[in-house]
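A.B. asks: Protein chains in written order, with this note's numbering: chain S, 65 to 403; chain G, 65 to 403; chain U, 65 to 403.
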């Protein structure tokens with residue numbers, strides 16, 4: 065039950081070189097490789113001669129060459145040569161998947177190739193703006209359905225429980241948060257404001273707040289599998305809430321790209337960028353370490369949740385905090401129905 | 065194929081604290097916890113909001129609180145509060161299981177709650193009499209159906225083969241043993257006598273026998289899943305057999321509670337108590353070490369037997385030593401038919 | 065989908081002693097043991113009393129004795145004694161499998177016992193001729209269908225790719241090789257000649273070639289599961305090709321016996337014998353190390369190939385190098401159809 069006609073993150077640009085790379089996306093084994101000309105290609109990870117994964121082979125020029133008997137395929141999946149054989153049947157080919165490299169990410173389209181329109185790939189220019197938004201990137205392999213990761217990001221009341229040891233904070237403050245949510249054309253966005261609140265210790269450490277702050281958490285989900293997060297705080301009086309000011313103070317931008325591997329596993333691509341003290345690599349490192357610890361807490365919950373849901377399907381009940389999640393589900397259902 | 069309307073050992077009392085505890089019983093994930101008031105409770109280990117196992121949460125007062133979004137449930141499984149939400153639907157609840165703490169054990173009833181009658185819980189007062197019967201307890205996780213553990217205990221001719229390195233002894237002596245077996249209301253009991261025999265080295269070491277002994281092994285199976293074992297020896301002439309004397313000499317009482325986890329796994333709760341040299345903790349330790357080694361030998365056999373039976377079902381044949389086992393099977397079949 | 069009426073290698077002779085030995089063949093668990101009289105026997109690895117694998121028991125005289133309750137079976141699978149029981153039902157028996165020890169191998173017949181004809185066992189006298197053909201033996205457990213191992217041996221164009229780090233050599237030389245293939249009564253044989261070619265470094269190291277050589281690779285497949293390999297080289301002019309001379313130079317004989325364990329796993333028995341410097345054990349060791357490294361390269365490919373084929377069945381295409389493989393498949397299909 066996957067949405068196939070959609071762009072998913074297949075890899076970080078930095079993961080793909082001229083050494084073939086194996087990744088399963090939507091239950092399809094894919095061999096990704098960077099051609100000699102630099103462009104990234106993605107083909108079915110299975111030679112059509114004897115079935116060996118092509119990712120065990122090597123790249124030669126623009127082609128990927130099987131590591132068993134040397135059969136070569138071009139980026140379109142056509143068999144281009146067989147050692148010791150003159151004629152190559154045009155029927156010998158493997159499936160090729162449209163890919164596009166943009167914003168430091170390799171995007172892949174697993175559906176009908178003709179429907180692949182690059183203009184619909186979610187943009188994230190912050191990855192290309194390291195001066196203003198220094199960041200580090202990560203890919204986690206999670207043993208849960210990808211939708212659980214999205215669900216997790218769309219109900220922040222989990223912070224006080226899952227992350228009480230790290231970024232959690234006071235459950236009541238979270239419950240009191242001002243919250244507005246709205247459906248968008250491709251998903252949902254919401255913003256939570258903790259106005260006139262004490263900044264968390266990590267914020268104080270980062271930017272030396274000396275008093276109370278207005279704190280926001282702004283999320284946008286773009287179906288099927290991207291979430292943008294913009295979290296920050298400004299000193300009370302600087303107009304973060306009243307005037308939409310975002311300059312100075314504390315500011316994080318987190319990219320979340322979640323790609324189904326199977327119904328029971330997913331690849332979770334994230335980056336964490338900071339909009340303060342941009343010239344200090346140690347700040348980038350500290351942020352990355354903090355996010356890694358936080359997302360490890362989520363991973364433990366998500367995997368236990370998935371195992372539990374898989375073991376015994378039974379009705380679940382929503383709370384008032386599930387509004388964004390319910391809108392996101394509708395967006396996913398709409399995409400799914402369109403296929 | 066489980067007998068559900070029955071009491072099973074869910075845990076040792078010592079295992080359950082105010083930190084929630086996960087154990088699967090009859091294929092149902094259960095969260096056990098000790099409420100603030102001290103009573104033990106057991107609920108379905110799955111929050112009805114988003115499915116996280118409740119055992120990953122924490123106990124607050126009389127309630128168990130989900131570790132994902134803080135939803136609380138009381139000991140009856142009713143949702144008692146949702147952070148940031150006024151109204152709680154009475155439909156939001158998880159299943160609760162009747163439990164009872166007795167004789168150092170937590171008993172659980174997985175069937176129809178109304179049918180749970182505490183008076184039918186098998187008693188084992190020796191657990192509460194540490195002065196006369198000092199003991200240590202254990203729970204082993206076995207990869208076999210629970211019935212194989214019971215079968216093992218009901219045919220002691222395995223001692224000479226499985227335990228030849230430990231408590232086995234002479235196969236012929238076991239074959240010569242005087243044996244009487246009788247069905248009981250809830251199962252079967254049998255007694256084996258090795259009259260006028262040489263005591264095993266461990267017996268001599270324990271109580272300094274200087275000559276031959278009359279040795280007994282008395283077992284009672286209470287369906288579906290408890291076996292009481294009373295093993296001992298007295299010097300010949302002290303009337304163990306003739307007059308039913310049990311005072312002095314060597315005496316062990318072993319409790320066996322076997323609880324199905326799945327069709328392929330079980331929890332094996334056992335304790336070993338000694339009725340001699342009761343004031344010497346080292347004796348308790350030595351006994352525990354000996355039993356642990358012996359039951360590890362059984363575990364290896366049981367797991368191999370289970371794997372073999374699972375791999376290829378085929379008819380099996382009984383021997384003359386299967387009498388107690390056959391009566392026990394009938395008792396189990398009767399309980400099963402009653403459901 | 066196994067061919068059952070056939071002889072398979074069950075074990076190396078050296079593996080079987082009076083300690084029972086477990087091996088699964090064609091999905092049947094088998095207990096192999098050497099009787100007191102020295103003959104090897106094979107019975108179903110499952111006691112018909114309570115199902116324990118008999119391989120966990122022990123050999124007593126001509127019988128195998130179950131490690132649970134001491135029930136004994138003779139080499140024909142008949143229950144010969146039950147401790148403490150006078151009468152033994154003739155229905156108590158386990159299946160016995162015809163076996164034969166020959167050429168250092170234990171052969172087993174998993175089909176209809178009456179059809180087992182020892183004269184059809186593939187011979188390999190080189191195992192008994194250690195003076196002329198010193199060798200070492202190995203058994204590898206592979207996570208692939210046994211037919212993939214045979215396929216691998218019948219298309220040597222993989223050498224230049226899979227074994228480029230070891231014995232591979234120049235892909236073009238392999239493509240230029242003179243190749244003749246012919247169906248045999250029980251399978252297929254082929255010979256590849258690399259005439260007037262530079263000997264690989266390992267050949268030079270072995271027998272001090274100083275110039276070009278004529279090099280051959282001669283393979284014979286005997287369905288369902290044996291491949292004989294005879295690989296060698298003589299200096300150009302010594303008539304290897306023209307006159308069939310095989311004396312001197314470099315010569316290896318490799319035995320391959322591949323026995324299905326399950327549809328997804330197999331036992332790969334191989335030996336490597338050298339026909340040069342026969343009195344130097346270090347040469348035998350060097351050869352064994354080289355073959356082990358080479359077959360480990362194959363194992364990695366075969367297991368990846370099997371996993372890939374299992375994950376997604378889809379049509380495969382042959383190349384010109386698949387001729388021998390296609391003939392072998394026909395031989396297997398014929399045997400299969402005959403059952």
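Positions of the beta carbon are idealized from the N, C-alpha and C atoms, including for glycine.
In this text the structure is predicted, and so the values were computed from the model without any measurement.
Which chain G residues are close to residue 112 (chain U), counting only those with a beta carbon under 7 Å from its beta carbon?
C.D. replies: Near residue 112 (chain U) (Cβ distances below 7 Å), the residues of chain G are 380 and 381.
A.B. asks: Less than 8 Å between the CB atoms is what I'm expecting for residue 334 (chain G) and residue 294 (chain G), so what's the real figure, rounded?
C.D. replies: About 14 Å; that fails the 8 Å criterion.
A.B. asks: Can you tell me whether DSSP reads residue 221 (chain G) as helix, strand or coil?
C.D. replies: Reduced to three states, the DSSP call for residue 221 (chain G) is helix.
A.B. asks: Could you pull out every residue in the same chain whose Cβ sits closer than 7 Å to the Cβ of residue 389 (chain U), ignoring the five residues on either side in sequence?
C.D. replies: Same-chain partners within the cutoff: 215, 218 and 219.
A.B. asks: Would you identify the three-state DSSP class for residue 273 (chain G), choosing helix, strand or coil?
C.D. replies: Residue state, collapsed to three classes: coil.
A.B. asks: Along chain U, which residues have their Cβ under 7 Å away from the Cβ of residue 225 (chain G)?
C.D. replies: Near residue 225 (chain G) (Cβ distances below 7 Å), the residues of chain U are 131, 132, 133 and 134.
A.B. asks: Would you mind sorting residue 65 (chain S) into buried or exposed? The rule is 16 or more other CB atoms within 10 Å of its CB.
C.D. replies: With fewer than 16 other Cβ atoms within 10 Å, it is exposed.
A.B. asks: Rank G:275, G:315 and G:223 by C-alpha distance to the C-alpha of residue 147 (chain U) and give the top, closest one.
C.D. replies: Ranking the options by Cα distance to residue 147 (chain U), first place goes to G:223.
A.B. asks: Do residue 167 (chain S) and residue 199 (chain S) count as a contact pair if the criterion is CB distance below 7 Å?
C.D. replies: No; because the gap between Cβ atoms is not below 7 Å, this pair is not in contact.
A.B. asks: Nearest to residue 290 (chain S) by CA position, among S:252, S:264 and S:268, is which residue?
C.D. replies: Ranking S:252, S:264 and S:268 by Cα distance to residue 290 (chain S) puts S:252 first.
A.B. asks: Can you give me the start and stop residues for the alpha helix (DSSP H) that residue 358 (chain S) sits inside?
C.D. replies: It spans 345 to 375 - the alpha helix (DSSP H) in which residue 358 (chain S) sits, taken as one unbroken run.
A.B. asks: Can you find at least 3 beta carbon pairs, one from the region 119 to 128 of chain S and one from the region 97 to 108 of chain S, that sit closer than 8 Å?
C.D. replies: Because the criterion of three Cβ pairs below 8 Å is met, the region 119 to 128 of chain S and the region 97 to 108 of chain S touch.
A.B. asks: With C-beta atoms as the reference, is residue 317 (chain S) less than 7 Å away from residue 197 (chain S)?
C.D. replies: A contact, by the Cβ cut-off of 7 Å.
A.B. asks: Taking buried to mean at least 16 other C-beta atoms within 10 Å of its own C-beta, is residue 209 (chain U) buried or exposed?
C.D. replies: Buried, by the Cβ-count rule.
A.B. asks: Leaving out five residues on either side along the sequence, give the residues of the same chain with a beta carbon under 6 Å from the beta carbon of residue 180 (chain S).
C.D. replies: So the list reads 162 and 173, once near-sequence residues are dropped.
A.B. asks: Starting from residue 388 (chain G), follow the alpha helix (DSSP H) in both directions and report where the run begins and ends.
C.D. replies: 387 to 402 is the span of the alpha helix (DSSP H), which, as asked, contains residue 388 (chain G).
A.B. asks: Would you kindly report the start and end of the unbroken beta strand (DSSP E) that includes residue 197 (chain U)?
C.D. replies: Element bounds for residue 197 (chain U): n/a, residue is neither H nor E.
A.B. asks: Any beta carbon of chain S sitting closer than 7 Å to that of residue 120 (chain G)?
C.D. replies: Closer than 7 Å to some Cβ of chain S, the Cβ of residue 120 (chain G) qualifies, so yes.
A.B. asks: Could one say the Cβ of residue 373 (chain G) lies closer than 7 Å to chain U's Cβ atoms, at least one of them?
C.D. replies: Yes, residue 373 (chain G) counts as interfacial toward chain U.
A.B. asks: In terms of alpha-carbon separation, which member of S:284, S:138 and S:263 lies closest to residue 275 (chain S)?
C.D. replies: The shortest C-alpha separation from residue 275 (chain S) is found at S:263.
A.B. asks: Between residue 222 (chain S) and chain G, is any beta-carbon pair separated by less than 7 Å?
C.D. replies: Yes, because at least one Cβ of chain G sits closer than 7 Å to the Cβ of residue 222 (chain S).
A.B. asks: Quick one: using the 10 Å Cβ neighbour count with 16 as the cut-off for buried, is residue 101 (chain G) buried or exposed?
C.D. replies: By the neighbour-count rule (16 or more Cβ atoms within 10 Å), residue 101 (chain G) is not buried but exposed.
A.B. asks: Buried or exposed: where does residue 384 (chain U) fall if 16 or more other Cβ atoms within 10 Å of its Cβ makes it buried?
C.D. replies: The residue is exposed, with fewer than 16 neighbouring Cβ atoms inside 10 Å.
A.B. asks: Starting from the beta carbon of residue 426 (chain S), find every residue of chain U whose beta carbon is closer than 8 Å, and list them in chain order.
C.D. replies: For chain S, the structure presents residues 65 to 403; residue 426 (chain S) sits outside this window and is missing.
A.B. asks: Report yes if the CB atom of residue 141 (chain S) is closer than 7 Å to the CB atom of residue 159 (chain S), and no otherwise.
C.D. replies: Contact: yes.
A.B. asks: Hey, could you find the ends of the beta strand (DSSP E) residue 249 (chain U) is sitting in?
C.D. replies: Where residue 249 (chain U) is concerned, there is no enclosing beta strand (DSSP E), given that its DSSP letter is neither H nor E.
A.B. asks: How about residue 139 (chain S): is its Cβ closer than 6 Å to a heavy atom in the ligand NAP?
C.D. replies: This structure simply doesn't include the ligand NAP, nor any ligand for that matter.
A.B. asks: Does the beta carbon of residue 365 (chain S) come closer than 7 Å to any beta carbon on chain G?
C.D. replies: Output row for residue 365 (chain S): interface = yes.
A.B. asks: Using DSSP bridges, identify the partner residues of residue 295 (chain U).
C.D. replies: Paired residue(s): U:281 and U:316.
A.B. asks: Helix, strand or coil, according to DSSP, for residue 191 (chain U) in the structure here?
C.D. replies: In this structure, residue 191 (chain U) counts as helix in the three-state DSSP scheme.
A.B. asks: Can you give me the start and stop residues for the beta strand (DSSP E) that residue 93 (chain U) sits inside?
C.D. replies: Residue 93 (chain U) -> beta strand (DSSP E) spans 92 to 98.
A.B. asks: If you measure from the beta carbon of residue 96 (chain U) to each beta carbon in chain G, is any gap under 7 Å?
C.D. replies: No, residue 96 (chain U) does not count as interfacial toward chain G.
A.B. asks: Please work out which residues of its chain come closer than 8 Å, Cβ to Cβ, to residue 357 (chain U), disregarding the five sequence neighbours upstream and downstream, and give them in chain order.
C.D. replies: Same-chain partners within the cutoff: 230.
A.B. asks: Can you tell me whether residue 105 (chain S) is buried or exposed? The criterion is at least 16 other CB atoms within 10 Å of its CB, across all chains shown.
C.D. replies: Flag for residue 105 (chain S) reads buried.
A.B. asks: Cβ closer than 9 Å: which chain G residues qualify as neighbours of residue 117 (chain U)?
C.D. replies: Correct list: 368, 369, 371 and 372.
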